[in-house]
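For reference, the structure is listed below as structure tokens.
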Amino acid sequence: MSSPESSTERTEIVKINDYEEKSTEPIIPHERQIVDAVILIWKKDPSTESLGITKLHALIKSEYPNWSVSEKRVKTLLKKFGLLSSASQEKFTYANEIKSIYTPDIELPPKVHIVLTSKRGKGLYAKTKISKGEVIFEESQLFNVPPLSKLKLIQSGKACAYCGKLLQQNSSHAGISVLKGLDCNICSELWCSQSCKRADSELHNVLKHNVFNPNARGSSNKKKQIDANAFLELQEYAEKEQWNALYAVAIVYASILNDKTGVKGKQFRAMARVSQATRYKAINSSAGSFDTFNGGALFVQEQQEVLWNEGYNKFVKVFPISAENGDMSFDEFMYMMGTYNINNLDSCIYLTQSHLNHNCNPNTSVETSLTNRVDGLKVIAAREIRSGEELTTTYVNPAHTVQQRQRELRVNWGFICGCQKCKDDLQIQQRRKSSSGASKDKASIRDMLANAKEEVGDGIDLEIPTDYNGERRKSVRFDEKVIAVSK
Ligand SMILES: [Zn+2]
Ligand SMILES: [Zn+2]
Ligand SMILES: [Zn+2]
Numbered sequence: 001m002s003s004p005e006s007s008t009e010r011t012e013i014v015k016i017n018d019y020e021e022k023s024t025e026p027i028i029p030h031e032r033q034i035v036d037a038v039i040l041i042w043k044k045d046p047s048t049e050s051l052g053i054t055k056l057h058a059l060i061k062s063e064y065p066n067w068s069v070s071e072k073r074v075k076t077l078l079k080k081f082g083l084l085s086s087a088s089q090e091k092f093t094y095a096n097e098i099k100s101i102y103t104p105d106i107e108l109p110p111k112v113h114i115v116l117t118s119k120r121g122k123g124l125y126a127k128t129k130i131s132k133g134e135v136i137f138e139e140s141q142l143f144n145v146p147p148l149s150k151l152k153l154i155q156s157g158k159a160c161a162y163c164g165k166l167l168q169q170n171s172s173h174a175g176i177s178v179l180k181g182l183d184c185n186i187c188s189e190l191w192c193s194q195s196c197k198r199a200d201s202e203l204h205n206v207l208k209h210n211v212f213n214p215n216a217r218g219s220s221n222k223k224k225q226i227d228a229n230a231f232l233e234l235q236e237y238a239e240k241e242q243w244n245a246l247y248a249v250a251i252v253y254a255s256i257l258n259d260k261t262g263v264k265g266k267q268f269r270a271m272a273r274v275s276q277a278t279r280y281k282a283i284n285s286s287a288g289s290f291d292t293f294n295g296g297a298l299f300v301q302e303q304q305e306v307l308w309n310e311g312y313n314k315f316v317k318v319f320p321i322s323a324e325n326g327d328m329s330f331d332e333f334m335y336m337m338g339t340y341n342i343n344n345l346d347s348c349i350y351l352t353q354s355h356l357n358h359n360c361n362p363n364t365s366v367e368t369s370l371t372n373r374v375d376g377l378k379v380i381a382a383r384e385i386r387s388g389e390e391l392t393t394t395y396v397n398p399a400h401t402v403q404q405r406q407r408e409l410r411v412n413w414g415f416i417c418g419c420q421k422c423k424d425d426l427q428i429q430q431r432r433k434s435s436s437g438a439s440k441d442k443a444s445i446r447d448m449l450a451n452a453k454e455e456v457g458d459g460i461d462l463e464i465p466t467d468y469n470g471e472r473r474k475s476v477r478f479d480e481k482v483i484a485v486s487k
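Residue 78 in the UniProt record's numbering sits at position 78 of the sequence shown, with consecutive numbering throughout.
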């Protein structure tokens with residue numbers, strides 16, 4: 001496991017999409033162009049992901065006729081960027097760098113408990129038998145992060161400042177009567193309902209209007225714990241850069257400081273925790289990412305570090321006291337971003353839900369209402385769940401190909417999935433390939449699964465049968481050290 005050399009290499013960013021003139025002059029493409037081209041081909045048609053190098057090379061040549069690139073170079077590059085499916089053992093994972101500790105002060109719903117193990121971290125388990133369709137639990141967000149993409153609408157009073165719901169304003173009725181007291185006294189932001197306003201107004205005032213912060217120590221202390229002007233500046237910057245994690249951690253940290261009980265901070269600190277710098281190594285090793293990162297935005301390491309520093313400087317201006325007494329180092333900031341990124345759901349953080357581990361064929365479905373965030377989310381049994389069974393959710397789109405899922409999971413969450421669906425999908429592909437006569441490294445599936453096993457341990461994902469006939473195989477969940485179990 002090593003980070004690719006490319007992380008320290010100086011490379012230019014070349015956007016494939018900006019490639020307008022299809023000149024006939026032969027060019028030698030940059031390595032990033034080649035890798036981007038391959039990803040683009042895979043994205044357009046996921047079934048091409050399982051093609052061998054020869055066919056893939058032919059596709060590249062047909063898409064970019066003037067490129068002078070050999071089959072060997074394509075292969076070398078795919079290997080270098082960890083994109084060869086047969087090279088799973090070389091792929092960068094960081095699951096073993098994700099740390100979590102037992103969640104303090106959590107009030108768990110009656111049907112579940114948390115098990116913390118040394119290898120798999122925390123997981124949520126059924127305490128009783130749960131029937132299909134049953135609501136296992138409901139919860140509202142621990143941290144609400146309004147959608148950054150709607151920032152301009154929020155600022156102009158066209159979307160709810162808390163949930164982002166679009167507000168229908170009748171222009172002929174422009175005036176206070178329409179607002180029903182759902183507007184801010186100071187700025188032009190509005191809320192869609194009393195519950196949104198109630199949930200948001202305290203943080204809104206602190207973050208956006210420099211309202212006296214009762215949590216700030218000592219009235220003589222002129223320095224604010226949260227500087228609203230600096231937050232507004234960070235918000236604009238985050239929107240311009242489309243950097244949701246920066247915007248989100250500013251809101252998360254402000255909520256933590258604003259929480260007089262101190263519980264929110266402890267709970268966030270106990271979540272599966274990883275530095276964004278670690279996650280970035282995996283992004284880099286796959287030369288771009290899918291879905292959750294809007295794909296394609298490739299940065300070289302140096303540029304990424306400049307950006308992180310810029311973000312950090314804006315962040316500490318919002319929290320001058322924390323910066324001063326060393327509570328918010330650059331490292332801590334990077335951990336906050338990484339932790340936020342692996343735990344958020346639709347940009348919000350839900351405490352109990354964040355304990356659900358991944359399975360490509362999960363036994364629960366999570367329902368959130370995008371139009372009414374105040375209602376929070378519902379976790380529902382997708383099938384019969386036995387007492388003691390781990391509850392799982394999917395972090396990726398189960399309709400994607402196994403290669404796509406595994407890459408997304410590896411890049412975004414640091415592990416190679418070894419669930420039954422992945423095993424089955426790989427086996428089906430392998431069978432298809434051998435019957436179509438395509439050459440393919442026979443050992444690849446075995447390697448991949450062996451590797452997956454190494455990564456997650458003999459975890460429950462690997463062992464839970466998808467059907468419920470017969471005996472459950474030996475429970476290996478407790479072979480590893482169970483660190484804590486909630487009541
Ligand atoms: Zn709302
Ligand atoms: Zn306001
Ligand atoms: Zn899987």
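Beta carbons: idealized from backbone N, C-alpha and C, even for Gly.
Since the structure is predicted, the reported quantities are computational estimates derived from the model, not experimental observations.
Rounded distance between the beta-carbons of residue 188 and residue 157, thought under 8 Å: 5 Å
Residue span of the beta strand (DSSP E) that contains residue 364, given as start and end: 364-368
Residues sharing a beta bridge with residue 358, DSSP: 393
Sub-9 Å separation of residue 233 and residue 132 beta-carbons: no
Meets three-Cβ-pair contact criterion under 8 Å: the stretch 234-244 and the stretch 143-154: Taking 8 Å as the limit for Cβ pairs, the verdict is that the stretch 143-154 does touch the stretch 234-244.
Three-state secondary structure assigned by DSSP to residue 25: coil
Helix, strand or coil at residue 117 [DSSP, three-state]: strand
Residue burial classification, residue 166 (beta-carbon count within 10 angstroms, cutoff 16): exposed
Nearest-residue set for ligand 2, Cβ under 6 Å from any heavy atom: Going along the chain, the residues that qualify are 184, 186, 187, 189, 204, 208 and 209.
Limits of the unbroken beta strand (DSSP E) element including residue 378: Taken as a continuous stretch (DSSP letters only), the beta strand (DSSP E) holding residue 378 covers 377-381.
Backbone CA spacing between residue 488 and residue 252 [nearest angstrom]: Summary: the structure shown does not reach residue 488, with the chain confined to residues 1 through 487, and so no result is reported for it.
For residue 385, the residue or residues it bridges with in DSSP: 130
Residue 308 - DSSP class collapsed to helix/strand/coil: helix
Inter-residue Cα distance where the pair is residue 426 and residue 394: In a straight line, the C-alpha of residue 426 is about 18 Å away from that of residue 394.
Helix, strand or coil at residue 67 according to DSSP, with G and I counted as helix: strand
Environment of residue 220 [buried if 16+ CB atoms lie within 10 Å]: Note on residue 220: pLDDT 45, under 50, position unreliable in the model; the coordinate value appears next. With fewer than 16 other Cβ atoms within 10 Å, it is exposed.
Contact under 9 Å by Cβ, residue 113 with residue 125: yes
For residue 183, the residue or residues it bridges with in DSSP: 190
Check whether residue 25 and residue 376 have beta carbons under 9 Å apart: In terms of Cβ geometry, residue 25 and residue 376 do not form a close pair [threshold 9 Å].
Residue 419 in three-state terms, based on DSSP: coil
Of the listed residues 279, 358 and 203, nearest to residue 398 (C-alpha basis): 358
Reference residue 28, options 203, 183 and 66, closest by Cα: 66
Contact under 9 Å by Cβ, residue 366 with residue 353: yes
heavy atom of ligand 1 below 8 Å from residue 347 C-beta: no
Contact test: residue 150 Cβ vs ligand 1 heavy atom, cutoff 8 Å: Checking every heavy atom of ligand 1 against the Cβ of residue 150, none is found closer than 8 Å.
Those residues, in chain order, that have a beta-carbon closer than 6 Å to some heavy atom of ligand 1: 160, 162, 163, 165, 191, 192, 193 and 196
Beta-carbon contacts of residue 388 that lie in its chain and below 7 Å, excluding the five residues immediately before and after: Cβ neighbours of residue 388 beyond the five flanking positions: 125 and 126.
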